[in-house]
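In the working numbering, the protein residues as written are 4 to 488.
No residue lacks a Cβ here, since even glycine has one placed at the ideal position from N, Cα and C.
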């Protein structure tokens, strides 16, 4: 298990991450934090994730007024490995004052008076404990507001004296009883974006900590809380390549499918991308095309590393030099020999790719015609190999011309018939060209930006949102996808 100072913990099966500002707040010797949110927004998951990220598996008290501790361990299987099997098997036998052992207390039937007494005793008898009250609402239902406020003040006083940490969980977002007492407030929300669930954490108050970013997107995948840092184009700059290990190509191809290299996406697509299919990848106008190149890196590697040719026609914003350098970072020399860069694109290989000067290609008809010629040459050279064709094009300026649309469709149908997989990368536009493409696409993927976070979703077939996570540990960008659930 690896924990870093940025609020992340990495295991073989999942990753956890909470916003940097919240981590800075949680590093304090003593604090009180209020987690607000409606039912199902992830409040309990966040509280438990905080314990794990901070490695708090001793001297903590978890008071559950909603579900039994046994059910908690059932819903969060990773608790057993983190707290130990003995905690799970002896939940009802642990002494409430045994400070070296985490305590999970079933308080569903407790009276508020005895519950507050239990918490106060823990604050007085244990040294700097961490206490989670799940939930504060359940206690408040049986007390009048004045009595509840007095007990909250008592808890705050004893919390400061004992150097403890208290996390309150509440569903009543409009109830401001605790707002002025606690040191920190975070609110969890869930909504729907294009009929897909989207989760967001708002940092409302973190006393003593500067909040540079008030909200983050997060997921509850694998029963852990995982927030995402904002998209930075600089993440896709290639620096010193530190690690160039061959990527796994096991079980890449079947009789009917080509795996993308992203297991979660392959499941949605039905075991991968269908052979002989036309895949359209649409990217928002404000997203660097290098993001899509990084996404396609695994697919390109799968083809080239198994001795199958790849015909690549660079996108606008990616010149020949960057494409070559990026793929050389991922592929072996033998695999690089299987890469054919379209001669049509090579005419622009010296063109700058900054925002002021982007490469300009002739119209898409000529572009696709050039690809057709390249396909014929490659298939003569590799007659028994699978062929991947990747083309980047901006078709929006031609969408109003019926004859051009017809010609483009014919070119696409030809390429699709010859290639084992044809991927067309296009920019999002308000024009009806996207609708036209969707009608002839076998699969339609979209890369978009929501609240400064990058996402991939499949429109055909339908899928959830997948957060695009970038790893730069090797000196070049590697992409992984994590579902927003």
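Original post:
Hey, would you say the C-beta of residue 50 is under 7 Å away from at least one heavy atom of the ligand SAH?
Top reply: Because no ligand of any kind appears in the structure shown, any question about the ligand SAH cannot be addressed here.
Original post:
If you check the beta carbons only, do residue 494 and residue 220 fall under 8 Å apart?
Top reply: Because the chain spans 4 through 488 in this model, residue 494 falls outside it and cannot be assessed.
**OP:** Starting from the C-beta of residue 318, find all residues in its chain whose C-beta is less than 6 Å away, skip the five residues before and the five after it, and write them out in chain order.
**Re:** The residue given as residue 318 occupies position 315 in the chain shown. Hits under 6 Å: 292, 395, 428.
Original post:
Going by alpha carbons, who is nearest to residue 261 out of 295, 224, 288, 301?
Top reply: Mapped onto the chain shown, residue 261 falls at position 258. Measuring C-alpha to C-alpha distances from residue 261 to each of 295, 224, 288, 301 identifies 301 as the nearest.
Subject >> Residue burial classification, residue 288 (beta-carbon count within 10 angstroms, cutoff 16) >> reply: The sequence position of residue 288 within the chain shown is 285, counting from 1. Counting C-beta atoms within 10 angstroms of its own C-beta, residue 288 has fewer than 16 neighbours from the protein chains shown and is therefore classed as exposed.
Original post:
Using the C-alpha atoms, what's the distance from residue 326 back to residue 334?
Top reply: Here residue 334 refers to the residue found at position 331 when the chain shown is read from its first residue. Here residue 326 refers to the residue found at position 323 when the chain shown is read from its first residue. Going from the Cα of residue 334 to the Cα of residue 326 covers about 12 Å.
Original post:
Using DSSP with H/G/I as helix, E/B as strand and the rest coil, what is residue 193?
Top reply: For this step, residue 193 is matched to residue 190 along the chain shown. Of the three classes helix, strand and coil, the one that applies to residue 193 here is strand, per DSSP.
Subject >> Coil, strand or helix - residue 237 by DSSP >> reply: Position 234 of the chain shown, counted from the start, is the residue given in the question as residue 237. Note: residue 237 maps to helix in three-state DSSP.
**OP:** Just mark residue 305 as buried or exposed, buried being the case when its beta carbon has 16 or more other beta carbons within 10 Å.
**Re:** As a position in the chain shown, residue 305 is number 302, starting the count at 1. It is buried - the Cβ of residue 305 has at least 16 other Cβ atoms within 10 Å.
**OP:** Taking all protein chains shown into account, decide if residue 215 is buried (16 or more other Cβ within 10 angstroms of its Cβ) or exposed.
**Re:** Walking along the chain shown from the start, residue 215 turns up at place 212. With fewer than 16 other Cβ atoms within 10 Å, it is exposed.
Subject >> Those runs of the alpha helix (DSSP H) which lie wholly inside the region 387 to 429 and span at least 4 residues >> reply: For the region 387 to 429, the full-length alpha helix (DSSP H) segments reaching 4 residues or more read 405 to 421 along the chain.
Original post:
With 16 as the cutoff for other CB atoms within 10 Å, does residue 377 come out buried or exposed?
Top reply: Walking along the chain shown from the start, residue 377 turns up at place 374. Flag for residue 377 reads buried.
**OP:** Could you tell me whether the region 203 to 210 touches the region 22 to 29, using the rule of 3 or more Cβ pairs below 8 Å?
**Re:** Judged by Cβ distances under 8 Å, the region 203 to 210 makes contact with the region 22 to 29, as three or more pairs qualify.
**OP:** Buried or exposed for residue 237, please, with buried defined as at least 16 other CB atoms from any protein chain shown within 10 angstroms of its CB.
**Re:** Within the chain shown, numbered from 1, the residue matching residue 237 stands at position 234. Result: exposed.
Original post:
Around the Cβ of residue 127, are there at least 16 other Cβ atoms within 10 angstroms (buried) or fewer (exposed)?
Top reply: Within the chain shown, the letter at position 124 stands for residue 127. Exposed, since its Cβ has fewer than 16 Cβ neighbours within 10 Å.
Original post:
Which of the three DSSP states, helix, strand or coil, is assigned to residue 162?
Top reply: In the chain shown, the residue the question calls residue 162 occupies position 159. In the structure shown, the three-state DSSP call for residue 162 is helix.
Original post:
Considering residue 312, what are the terminal residues of the beta strand (DSSP E) in which it resides?
Top reply: The residue you call residue 312 lines up with position 309 of the chain shown. Residue 312 -> no beta strand (DSSP E), and no H or E assigned at all.
Subject >> Given 8 Å, three or more beta-carbon pairs between the region 111 to 123 and the region 48 to 56 >> reply: With the cut-off at 8 Å, the region 111 to 123 and the region 48 to 56 do not touch.
**OP:** Answer with buried or exposed for residue 370, where buried requires no fewer than 16 other C-beta atoms within 10 angstroms of its C-beta.
**Re:** Taking the chain shown and counting its residues from 1, the one referred to as residue 370 is at position 367. Buried, since its Cβ has 16 or more Cβ neighbours within 10 Å.
**OP:** Report yes if the CB atom of residue 468 is closer than 8 Å to the CB atom of residue 458, and no otherwise.
**Re:** Position 465 of the chain shown, counting from 1, holds the residue named residue 468. Position 455 of the chain shown, counting from 1, holds the residue named residue 458. In this structure, residue 458 lies closer than 8 Å to residue 468 by Cβ.
Subject >> The alpha helix (DSSP H) enclosing residue 541, as first and last residue numbers >> reply: The question about residue 541 has no answer here: the residues shown for the chain are numbered 4 through 488.
**OP:** Return the chain-ordered ranges of every beta strand (DSSP E) run that is complete within the region 273 to 330 and spans a minimum of 3 residues.
**Re:** Here the runs fully enclosed are 280 to 286, 313 to 316.
Original post:
Roughly how many angstroms lie between the CA atoms of residue 308 and residue 255, to the nearest whole one?
Top reply: Counting from one through the chain shown, the residue named residue 308 turns up at place 305. Counting from one through the chain shown, the residue named residue 255 turns up at place 252. Between residue 308 and residue 255, the C-alpha separation is close to 10 Å.
Original post:
For residue 111, which of 74, 81, 225 has the nearest alpha-carbon?
Top reply: Translated into the one-based positions of the chain shown, residue 111 becomes position 108. If we check each option's Cα against that of residue 111, 74 comes out closest.
Subject >> Segment limits, beta strand (DSSP E) that includes residue 3 >> reply: Here the chain covers residues 4 to 488 and nothing more, so residue 3 does not appear.
**OP:** May I have the straight-line CA-CA distance separating residue 295 from residue 278, to the nearest angstrom?
**Re:** As a first step, residue 295 is located in the chain shown; it is residue number 292 there, counting from the start. As a first step, residue 278 is located in the chain shown; it is residue number 275 there, counting from the start. Looking at the backbone, the Cα of residue 295 and that of residue 278 are separated by about 20 Å.
**OP:** Evaluate residue 488 with the Cβ neighbour count: other Cβ atoms within 10 Å of its Cβ, from every protein chain shown; 16 or more gives buried, anything less gives exposed.
**Re:** In the chain shown, residue 488 corresponds to position 485, counting from 1. With a 10 Å radius around the Cβ and a threshold of 16 neighbouring Cβ atoms, residue 488 comes out exposed.
Original post:
residue 109 lies in the alpha helix (DSSP H); which residues open and close that run?
Top reply: Position 106 of the chain shown, counted from the start, is the residue given in the question as residue 109. Residue 109 -> not in any alpha helix (DSSP H); beta strand (DSSP E) instead, spanning 106 to 109.
Original post:
So, do the region 189 to 199 and the region 32 to 49 have three or more beta carbon pairs nearer to each other than 8 Å?
Top reply: When Cβ pairs closer than 8 Å are counted between the two stretches, the region 189 to 199 is seen to touch the region 32 to 49, the count reaching three or more.
**OP:** Evaluate the contact criterion for the region 405 to 414 versus the region 224 to 235: three or more CB pairs, one atom per stretch, below 8 Å.
**Re:** The region 224 to 235 and the region 405 to 414 do not touch, with fewer than three beta-carbon pairs separated by less than 8 Å.
Subject >> Strand pairing of residue 52, partner residues [DSSP] >> reply: Counting from one through the chain shown, the residue named residue 52 turns up at place 49. For residue 52, which the question treats as bridged, DSSP gives no partner whatsoever.
Subject >> Per-residue DSSP class, three states only, for residue 259 >> reply: On the chain shown, residue 259 is found 256 positions in, with the first residue counted as 1. Three-state result, residue 259: coil.
**OP:** Determine, using beta carbons only, whether residue 424 and residue 267 come nearer to each other than 8 Å.
**Re:** Reading the chain shown from its first residue, position 421 is the one you call residue 424. Reading the chain shown from its first residue, position 264 is the one you call residue 267. Not in contact: residue 424 and residue 267 (Cβ atoms no closer than 8 Å).
Subject >> Check whether residue 345 and residue 373 have beta carbons under 8 Å apart >> reply: Numbered from its first residue, the chain shown carries residue 345 at position 342. Numbered from its first residue, the chain shown carries residue 373 at position 370. Yes, these two residues count as a Cβ contact at 8 Å.
Subject >> Counted within 10 angstroms of its Cβ, other Cβ atoms place residue 148 as buried (16 or more) or exposed >> reply: Counted from its first residue, the chain shown places residue 148 at position 145. That one is exposed.
Original post:
Between the C-alpha atoms of residue 33 and residue 205, what's the straight-line distance to the nearest angstrom?
Top reply: Stepping through the chain shown from its first residue, residue 33 is reached at position 30. Stepping through the chain shown from its first residue, residue 205 is reached at position 202. Each residue's Cα considered, the two are about 22 Å apart.
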